[in-house]
Amino acid sequence: MAAAAYEQLKLHITPEKFYVEACDDGADDVLTIDRVSTEVTLAVKKDVPPSAVTRPIFGILGTIHLVAGNYLVVITKKIKVGEFFNHVIWKATDFDVLSYKKTMLHLTDIQLQDNKTFLAMLNHVLSMDGFYFSTTYDLTHTLQRLSNTSPEFQEMSLLERADQRFVWNGHLLRELSAQPEVHRFALPVLHGFITMHSCSINGKYFDWILISRRSCFRAGVRYYVRGIDSEGHAANFVETEQIVHYSGNRASFVQTRGSIPVFWSQRPNLKYKPKPQINKVANHMDGFQRHFDSQIIIYGKQVIINLVNHKGSEKPLEQAFAKMVSSLGSGMIRYIAFDFHKECKNMRWDRLSILLDQVAEIQDELSYFLVDSAGKVVTNQEGAFRSNCMDCLDRTNVIQSLLARRSLQAQLQRLGVLHVGQKLEEQDDFEKTYKNAWADNANACAKQYAGTGALKTDFTRTGKRTRLGLIMDGFNSLLRYYKNNFSDGFRQDSIDLFLGNYSVDELESHSPLSVPRDWKFLALPIIMVVAFSMCIICLLMAGDTWTETLAYVLFWGVASIGTFFIILYNGKDFVDAPRLVQKEKID
Numbered sequence: 193m194a195a196a197a198y199e200q201l202k203l204h205i206t207p208e209k210f211y212v213e214a215c216d217d218g219a220d221d222v223l224t225i226d227r228v229s230t231e232v233t234l235a236v237k238k239d240v241p242p243s244a245v246t247r248p249i250f251g252i253l254g255t256i257h258l259v260a261g262n263y264l265v266v267i268t269k270k271i272k273v274g275e276f277f278n279h280v281i282w283k284a285t286d287f288d289v290l291s292y293k294k295t296m297l298h299l300t301d302i303q304l305q306d307n308k309t310f311l312a313m314l315n316h317v318l319s320m321d322g323f324y325f326s327t328t329y330d331l332t333h334t335l336q337r338l339s340n341t342s343p344e345f346q347e348m349s350l351l352e353r354a355d356q357r358f359v360w361n362g363h364l365l366r367e368l369s370a371q372p373e374v375h376r377f378a379l380p381v382l383h384g385f386i387t388m389h390s391c392s393i394n395g396k397y398f399d400w401i402l403i404s405r406r407s408c409f410r411a412g413v414r415y416y417v418r419g420i421d422s423e424g425h426a427a428n429f430v431e432t433e434q435i436v437h438y439s440g441n442r443a444s445f446v447q448t449r450g451s452i453p454v455f456w457s458q459r460p461n462l463k464y465k466p467k468p469q470i471n472k473v474a475n476h477m478d479g480f481q482r483h484f485d486s487q488i489i490i491y492g493k494q495v496i497i498n499l500v501n502h503k504g505s506e507k508p509l510e511q512a513f514a515k516m517v518s519s520l521g522s523g524m525i526r527y528i529a530f531d532f533h534k535e536c537k538n539m540r541w542d543r544l545s546i547l548l549d550q551v552a553e554i555q556d557e558l559s560y561f562l563v564d565s566a567g568k569v570v571t572n573q574e575g576a577f578r579s580n581c582m583d584c585l586d587r588t589n590v591i592q593s594l595l596a597r598r599s600l601q602a603q604l605q606r607l608g609v610l611h612v613g614q615k616l617e618e619q620d621d622f623e624k625t626y627k628n629a630w631a632d633n634a635n636a637c638a639k640q641y642a643g644t645g646a647l648k649t650d651f652t653r654t655g656k657r658t659r660l661g662l663i664m665d666g667f668n669s670l671l672r673y674y675k676n677n678f679s680d681g682f683r684q685d686s687i688d689l690f691l692g693n694y695s696v697d698e699l700e701s702h703s704p705l706s707v708p709r710d711w712k713f714l715a716l717p718i719i720m721v722v723a724f725s726m727c728i729i730c731l732l733m734a735g736d737t738w739t740e741t742l743a744y745v746l747f748w749g750v751a752s753i754g755t756f757f758i759i760l761y762n763g764k765d766f767v768d769a770p771r772l773v774q775k776e777k778i779d
């Protein structure tokens, strides 16, 4: 049993120190942080000064260094997601960022502004939905990984034993990580999605859980983080585990998603869909092999389901992926290309059964993880489906939900919940719960990567495409366009700061935040808006003659349209680009 993190905490604040008191039964530990020297030590309750200002908190997210010095980040609000295996799972919903410094008088005006911007970035990440934790259960590992561990692993603290791919506050906890004696104050936090439901079929009650774990390696936003890095980490990598708990038996089915694992980019440039660019000089095989070597070690056999288009701008990526798999020649990897949009055009989503039938035998071979009520492992999952589209969001989520349902059908039949011949699709109450949970999962993953809710969730929720769903997809697509072009630079910087991809150096002579904008960035949009406005005004306030009015309208109309095309031609100068960490740019 891992050493649990402290659940009940009080924060005592004095001008010199932060005291975090453990209030669990029998606990006497107090974590002390010196606000001047930044030293972290362990004390006892009698060391807390009576004059300290006290408030309850629900966990320490960690510490971060900004221009003004160090900051302590604590969880101030949480909501209960549910319980499974007698462990409570929480969702962190509010945080507080506390400065070690008591004054900012030591900063220049530029430093003050930079510090304010960095704080805004930090708070932006903290405002993102989807931070989960447990003080007693290791959320970062699947059931199968947890079943295959040593006694020494079982005795480790939650922080020590956590899968670092999914500890989003790993950078913030680096100081506490270095001191094992304070690990019970350190809380590994997962980013992604968790939902739990108590369900009933045929009068038999079981718990159904869905967990999506977002990797903090190569994390970021849609158009600024694509493909893989030199270590083989894929963009938008998410591990999704579906768990069933019935009468002491536990079953699990794990899938992954991740960007096409070659070196490619798709930088925003004001076009609705920027053209993907594959790096012509990079050693694709090196990164590709690193990626799949790690996937095979962790998950076993890899079954790739590539859902991108087989024509247009997506075609080169499909061809590159297929070529890399063929060149690698590994018997542990199978590649299946399925042109989702072509097969399902004209709202023929029933044709997804073609893919399901194609992989049915493979899925049976991979199986799922099952441990009985006595703790004996009955079956292991021998590999995982790795699904992707361009964003690894909308098409990917639809396919994952269908594969997960097929696995769940087999599990519930084996456990005796479903009778022979019964289909999950016929269980109306459960089917509604199942579809809504997977649609909520899609929305969570999409908001975290693309900035909006997922597309195609009408199919996930109802099992069919609807006109309203198409309208909502259109709205979300426009919203994505705006965010991807005009706010994602700030979002990417925020994630890089939070994860430690960029470290603030207050002695840095030139701040990356002070990069001047090209004059066109400010002037041309204003000219376009003014010209378009004058064109409308001329139409509404006609002159003495229609000839005069038409001349004015043509003049301002040509000015606004011309300016628009100048902006479009120089699109890369107008998008909100990251400033902290240089992202790959492939011309």
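Number 669 in the working numbering belongs to position 477 of the sequence shown; there are no gaps in the numbering. Glycine included, every Cβ here is placed at the ideal spot set by N, Cα and C.
Ranking 410, 232, 507 and 208 by CA distance to the CA of residue 532 puts 507 first. Under the DSSP assignment, residue 392 falls in the beta strand (DSSP E) whose first and last residues are 382-393. Residue 504 sits in a helix when the DSSP states are folded into three classes. Taking 8 Å as the cut-off, the Cβ atoms of residue 452 and residue 509 count as close. Residue environment for residue 457: buried (at least 16 other C-beta atoms within 10 angstroms of its C-beta). For residue 306, the CB contacts under 6 Å within the same chain, skipping 5 residues up- and downstream, are 259, 703 and 705 in chain order. Taken atom to atom, the span from the alpha-carbon of residue 672 to that of residue 412 is near 15 Å. Taken through DSSP and simplified to helix, strand or coil, residue 570 comes out as strand.
Approximately 21 Å separates the beta-carbon atoms of residue 297 and residue 210; this is outside 8 Å, ruling out the contact. Within the model, the alpha-carbon separation for residue 250 versus residue 541 is close to 45 Å.
Taking the Cα of residue 358 as reference, the smallest distance to any Cα among 332, 352 and 336 is reached at 332.
Contact annotation: residue 221 and residue 234 have beta-carbon atoms nearer than 8 Å. Put simply, of 367, 269, 322 and 606 the residue whose alpha carbon is nearest the alpha carbon of residue 254 is 367. Residue 577 is classed as buried because its beta carbon has at least 16 other beta carbons within 10 Å across all chains shown. For residue 452, the three-state secondary structure derived from DSSP is coil. If you look at residue 641, you'll find it in the alpha helix (DSSP H) that goes 620-641.
Taken through DSSP and simplified to helix, strand or coil, residue 527 comes out as strand.
Closest in alpha carbon position to residue 396, among 633, 605 and 617, is 605.
Look at residue 695 here: in three-state DSSP terms it is coil, with no helix or strand label. The segment 595-603 and the segment 551-564 touch, with no fewer than 3 CB-CB distances between them shorter than 8 Å.
Within the same chain, 455 come within 7 Å of residue 474 by CB-CB distance, once the 5 residues on both sides are set aside. For residue 257, the uninterrupted beta strand (DSSP E) segment begins and ends at 251-258. DSSP places residue 372 in the helix class (H, G or I) of the three-state scheme. In this model, residue 560 and residue 435 are separated by some 10 Å (Cα to Cα). Cβ contact annotation for residue 390 (same chain, cutoff 7 Å, sequence separation greater than five): 397 and 399, in chain order.
Note that the segment 222-230 touches the segment 199-214; at least 3 beta-carbon pairs, one per stretch, sit closer than 8 Å. If you draw a straight line from the Cα of residue 769 to the Cα of residue 369, it comes to about 33 Å. Here residue 384 is near residue 430, since their CB atoms are less than 8 Å apart.
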